[in-house]
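Have a look at the structure below, then the notes.
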Amino acid sequence: MKTIALAIFLAAVAAVAAADGFRVDLIHRDSPRSPLYDPSSTAFDRVRAAAKRSALRPSRVARAGAGLAASGDTSIEAPVLPDSAEYLMEVELGTPKFKVVAIVDTGSDLIWANCKPCTECYEQTPPLFDPKGSSTYRDLSCDSRPCDELPVSGCSSNSKCQYQYTYGDRSQVVGNLASETFTFATTGSNTIAIPKITFGCSHQSSGTFSNRTGGLVGLAAGQLSLVSQLGSSIDSKFSYCLVPLSQTSATSKLVFGDGSDISGRNVLTTPLSIQESFYYLTLNGISVGNTNISATSPTASGSPNIIIDSGTTLNILSPDLVDGLGKAVKDVVDLPDEIPLITVSGWISHPRLSLG
52 MKTIALAIFL
62 AAVAAVAAAD
72 GFRVDLIHRD
82 SPRSPLYDPS
92 STAFDRVRAA
102 AKRSALRPSR
112 VARAGAGLAA
122 SGDTSIEAPV
132 LPDSAEYLME
142 VELGTPKFKV
152 VAIVDTGSDL
162 IWANCKPCTE
172 CYEQTPPLFD
182 PKGSSTYRDL
192 SCDSRPCDEL
202 PVSGCSSNSK
212 CQYQYTYGDR
222 SQVVGNLASE
232 TFTFATTGSN
242 TIAIPKITFG
252 CSHQSSGTFS
262 NRTGGLVGLA
272 AGQLSLVSQL
282 GSSIDSKFSY
292 CLVPLSQTSA
302 TSKLVFGDGS
312 DISGRNVLTT
322 PLSIQESFYY
332 LTLNGISVGN
342 TNISATSPTA
352 SGSPNIIIDS
362 GTTLNILSPD
372 LVDGLGKAVK
382 DVVDLPDEIP
392 LITVSGWISH
402 PRLSLG
């Protein structure tokens, strides 16, 4: 009885702390703080690489949004590409605490980390999390509620819930669904420990993963995401603030609960809609100078049509909208016809663009 009472007390303390709100650092992949940082890359190299990652991402999101699980596929295909991370965060797993640098992704639900033993894994540079060394690690059973939340799940011979995520380029992570204490570094030297977070303990991982990261934190709207699991303890709300890489004195932040509401004279808001666990908003149109280009058809006016995605640097627009935008820009910017519209170095000045 004492053990049960203590566990309930610790969970209550964590819930109260989370309800007060907490914030963690977001690390851009090109920041000197990032394990993916390449000091030899120029600013142009980084922009070009970001554009390439962004161009690959939309088809993965579209396929995931179409509901691959309903197609009879035996695995889950997540929209994130393994090496397409734009932002990372540090999280500590277990008791004692073990640091993992993970991809942050608003387009995925499942939280996962590479675990020992990893029988068929990419050569991860940081050490692997050892679930046997943690006193708070628990495998989840096949009849557990979180296991039911997986679009596709399996069951081991000893009734452990198993998952398989297959990514857009056929990379995979396979492992056991489990619960563990997650500890986050907050402001200053403070930390917050939250028990019984459901996550995937991956024992197989292959493909194009970066060997300098060891997991992923899903922030989408599905039931297995970190946001959904924190739920009422953070009043089911979060926000993130991204600062330019040029602002070395400031750090991007991910904020949960109190403090995630942003208000002020220069703050504008727009409604979000959740579909297939993605966060959508409605883009009505784009203006170039005094020219307005509609982003919606008359029959779909006001319908959600664009996804907020932490894994995409560029704005990805439909071909029709891009064509209209290109024509409007060419009417304003005096460029020879033989110069392509989409360039980097050829633009000395550009018109004012407004999205609404």
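Counting with my numbering, you get residues 52 to 407 for the letters of the sequence shown. Just so you know, even glycine gets a beta-carbon here, dropped at the ideal spot from N, CA and C. All figures in this text were calculated on a predicted structure; none of them were measured in a lab.
Quiz item: Where does the unbroken beta strand (DSSP E) through residue 381 begin, and where does it stop?
Solution: Here residue 381 belongs to no beta strand (DSSP E); instead the alpha helix (DSSP H) covers 370-383.
Self-check item: Start-to-end residues for the alpha helix (DSSP H) that takes in residue 197
Solution: 196-200
Quiz item: Sorted by chain position, which residues of the same chain lie with C-beta nearer than 7 Å to residue 168's C-beta, five sequence neighbours on each side aside?
Solution: 254
Quiz prompt | Boundaries of the beta strand (DSSP E) in which residue 191 is found, first to last residue | solution = First-last for residue 191: undefined, no H or E at that position.
Quiz item: For residue 196, is the classification buried or exposed, using 16 other Cβ atoms within 10 angstroms of its Cβ as the cut-off for buried?
Solution: exposed
Quiz prompt | residue 301, buried or exposed, once every other Cβ within 10 Å from all chains shown has been counted against 16 | solution = exposed
Quiz item: By how many angstroms is the C-alpha of residue 240 removed from the C-alpha of residue 119?
Solution: Bear in mind that the predicted position of residue 119 carries a pLDDT of just 38, short of 50, making it too unreliable to give a figure here.
Quiz item: Between residue 250 and residue 275, what straight-line distance do the alpha-carbon atoms span, to the nearest angstrom?
Solution: 8 Å
Quiz item: To the nearest angstrom, how far is it from the Cα of residue 126 to the Cα of residue 203?
Solution: Since pLDDT at residue 126 reaches only 40, below the 50 mark, its modelled position is unreliable, and no value is offered.
Self-check item: Assigned exposure category for residue 289 - 16 Cβ within 10 Å defines buried
Solution: buried
Self-check item: Beta-carbon proximity of residue 308 to residue 73, cut-off 8 Å
Solution: yes
Exercise. Please state whether DSSP places residue 223 in a helix, a strand or coil.
Key: strand
Exercise. Please report the Cβ distance between residue 324 and residue 331, rounded to the nearest whole angstrom; I am assuming they are in contact, meaning their Cβ atoms lie under 8 Å.
Key: 4 Å
Quiz item: Taking only runs of the alpha helix (DSSP H) that begin and end inside the segment 220-294, which ones reach a length of at least 4 residues, in chain order?
Solution: 277-281
Quiz item: Given 8 Å as the limit, is there contact between the segment 221-239 and the segment 176-188, that is, 3 or more CB pairs closer than that?
Solution: yes
Exercise. Drop a sphere of 10 angstroms on the beta-carbon of residue 326, count the other beta-carbons inside from all chains shown, and report buried for 16 or more, exposed for fewer.
Key: exposed
Quiz item: Which full runs of the beta strand (DSSP E) of 3+ residues lie inside the segment 303-353, going along the chain?
Solution: 303-307, 324-326, 329-332, 336-339 and 342-345
Self-check item: residue 298 versus residue 215: straight-line alpha-carbon distance, rounded
Solution: 39 Å
Exercise. Output the boundary residues of the beta strand (DSSP E) element that contains residue 77.
Key: 73-79
Quiz prompt | At least three beta-carbon pairs within less than 8 Å, the segment 363-378 to the segment 99-106 | solution = yes
Practice problem: Could you check how far apart the C-beta atoms of residue 296 and residue 79 are, in whole angstroms? I think they sit under 8 Å. | Solution: 6 Å
Quiz item: Quick one, are the C-beta atoms of residue 153 and residue 265 less than 8 Å apart?
Solution: yes
Practice problem: Could you name the residues that DSSP lists as bridge partners for residue 154? | Solution: 139 and 267
Exercise. Have a look at residue 356 and residue 209 and give me their C-alpha separation to the nearest angstrom.
Key: 44 Å
Self-check item: Buried versus exposed call for residue 211 [16 or more other C-beta atoms within 10 Å across all chains shown]
Solution: buried
Quiz item: Roughly how far, in whole angstroms, is the beta-carbon of residue 305 from the beta-carbon of residue 77, given that I think they are within contact range, below 8 Å?
Solution: 5 Å
Quiz prompt | First through last residue of the beta strand (DSSP E) which encompasses residue 301 | solution = Premise fails: residue 301 is in no beta strand (DSSP E) and is neither H nor E.
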